[in-house]
Structure formats: C-alpha cells, structure tokens
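This report refers to the structure that appears directly beneath it.
Residue numbers (the working numbering): 233 to 622.
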C-alpha cells in the first residue's frame, strides 16, 4: 500500500466574531520522495459581529499531485470558495518585525506544516467518495470541486467511523491521529477532506492554493490541537486575527499572550539583533505555551477591501498578529481568544543603534579617561622639570 504523508501551510482567515479556526491535517504521499513536513502555519481569522466567519487557508504541497490529500476540521459546516493568494504576503509585509540599525551616531541619516500529518491519498474525483451506510455511520454533507481540489464535507458518530471512512477513501490515517480526530468528532465538528482533481493536474500552474471557508461561529477558537500530529520538532504558528478589538489568548485557556519589551531589543551587530533570543526566552519562561503579540493596528480596512475580504458590517476592525514556536507535544488543546483589555496599537518597526547607545557612551568614556590621564601625566612631568630648574 502506498504510504502517504500530508503537509500543508495553513493560513486561516475568519470574518466576524468567529469561534475557533480549524487546524488541519495535511497528507502528502511519498512513493520515491517523502514530502517535506511543513512546519509553519499562518492563519488569518476575521471575526464579524454578525456571527459569520470567513476562513482562508493556503494549501501548499510538494511531490506528485496524485499523492496529496488534506483533512481540516471546522466547528460548523462551511461553504468553500477560492481566494486570492496575495493576502498572506501583504499581511507579512505589514506586520513582520523589521529593524533599522544606525551605526554612525555623528550623522543625521538613519540608515542602516503540516498542521497534522496523516498518510495517504489516491487521485480524487467527484464520484470517488463513499457515502455513509448503516455499517459506517458517517454523514457526507456535501461534495464538490473548488479550484484544483475535490472535496467532501463529513461528520462521524465515532472516531472509528471517521477513520474507516478516511481509510476507505484513500486517506490512510495513522493510528497516531486517533486521539486528535476523536477530540473533534466528540465536539461534533465537521471535516473537509480534499484531494487534487485528476482532470485539473494538467492545468496546474502553482503548487499553492488559497481557499476560503465561510461558516457561522459561536466562540473565538483556533484548533491548535490538530497540529499536534505534526512530526516536526517545533511548529511555527502565526495567527492573524481581525475582530472588533485587539485580541489575546483567553485567561481561561491553556495558552498565554506575551509581548517583547521594546527597550530590551538591541542590535548585536550592524545587521543583527537579539530579537529572536528574546522571543524564545519569553516563550520558554511561559513553559513553551505562549503566543507573542508582535503587531496590532486598527488600520486594516483597505487591505481587506482590496482582497474582497471586508466584512459586511459597520464594526471597527482591529488586526492582531500572534506568533509562537511550539513543540507538538504542547499543542494538547485548542487556543481560545478573547478581547484584550485595551486597543493599544503595537508597531513592529524597531530603530536600533550599534553599538547600543548606552554601550556607545561607555565606549567614549574610556578613551576620554585615558586621554585626560595622559595630559595629566604630561603636566606632572612638566611641573617636575620646572621644579628641578629652580
């Protein structure tokens, strides 16, 4: 039997005050070359005040299209459509930390994954999915094609029913996924199972696609537990959340929100900083269960409008960027979001000096001290010589 590994970059986007965004399990098959385990997730959640979520996911794969399959859980039955790929590069350009390092103090110039990895898939077709039966109590709510993908939306009574359906339809889920899938089955979540459409392979121009899932929400949640299936030692997660206010992880949940003190960010050379070290230390100090708030702003409307993602609402919109690097073993729960105490904006741009200004001051003191000592020494010698002449 062909062994399949699923890998995907997940970028989720939700419109409205959504509940949790789903974390997906990506499967990619490996016949000759094993698919790289995608260790990074980028998720954009847009929460409206009308109870509707627009959830955008970027799916990327390597290897043969026939080897690719993908499973993703949602708290409600979604509608599925294609979306623009540019939204994620735009968000990254807007929010990622950037540094300007000044080295000339005398100048006025200021230069300077796979979310869960499961195995196996055969090339899909619209007729390829098996309906539920009395022996396999799985409900297939909808099937169709979006972009290059064939999909089925399913729910299951038990995790065994879910696994049987996946295996019968070529997904070959490993036993390590059982407890994770059971978590979402017991919650009554819906699963979207996807394969690449056989007839679409010849027209493919890219190995990435962005899909939009629209569904109602009841709480703001991100299904991080699904990512615990990943085989990576660490999983990088960036969650972009658009809502009526700045977002943080809920105090009642498993994960905490932290910030990097701006006054502790220093240049360590003319082209490097200690930002990554501070980032890792803050997460480690929280037991590895922390998200760092790196950016927050209410100036997001134009970016959403240009990508046809502006919620149909009069609510104020606030963008928050949360990021972490986390071991899959710590992804043992879903992330619950809540509104932050204030809508204070947070800039991700840093203007630094090398050497840091306080270090530069020390650097000037020593030469000045030596110079003054030298002149004092010369003065003492001159005074001594004058006394000898007398």
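Cβ coordinates follow ideal geometry from the N, Cα and C atoms, glycine included.
Burial state of residue 385 is buried, judged by a 10 Å Cβ sphere holding 16 or more other Cβ atoms. With respect to the C-alpha of residue 447, the residue from 291, 459, 313 having the closest C-alpha is 313. Under the three-state reduction of DSSP, residue 560 is assigned to helix. Linking residue 323 to residue 539 through their CA atoms gives a straight-line distance of about 11 angstroms. According to DSSP, residue 551 shares a beta bridge with 474, 529. In the three-state reduction of the DSSP assignment, residue 412 falls in the helix class. The beta carbon of residue 586 sits closer than 7 angstroms to those of 333, 335, 499, 501, 502, all from its chain and outside the five residues before and after it, given in chain order. Your pair residue 478 and residue 528 checks out as a contact, with CB atoms roughly 5 angstroms apart and the cut at 8 angstroms. Secondary structure note for residue 443: its beta strand (DSSP E) is the uninterrupted segment 440–448. By alpha-carbon distance to residue 288, the top candidate from 297, 282, 318 is 318.
Contact between residue 473 and residue 518 is absent: CB atoms are separated by about 19 angstroms, not below the 8 angstroms threshold. As DSSP reads the structure, residue 373 sits in no beta bridge. DSSP links residue 505 through a beta bridge to 499. Bounds of the beta strand (DSSP E) holding residue 302 are 300–306. Residue 425 sits in a strand when the DSSP states are folded into three classes. Between residue 514 and the set 494, 285, 409, 392, the nearest pair of CA atoms involves 494. At a Cβ-Cβ threshold of 9 angstroms, residue 309 and residue 374 count as neighbours. In this structure, the alpha-carbon of residue 461 lies about 22 angstroms from that of residue 277.
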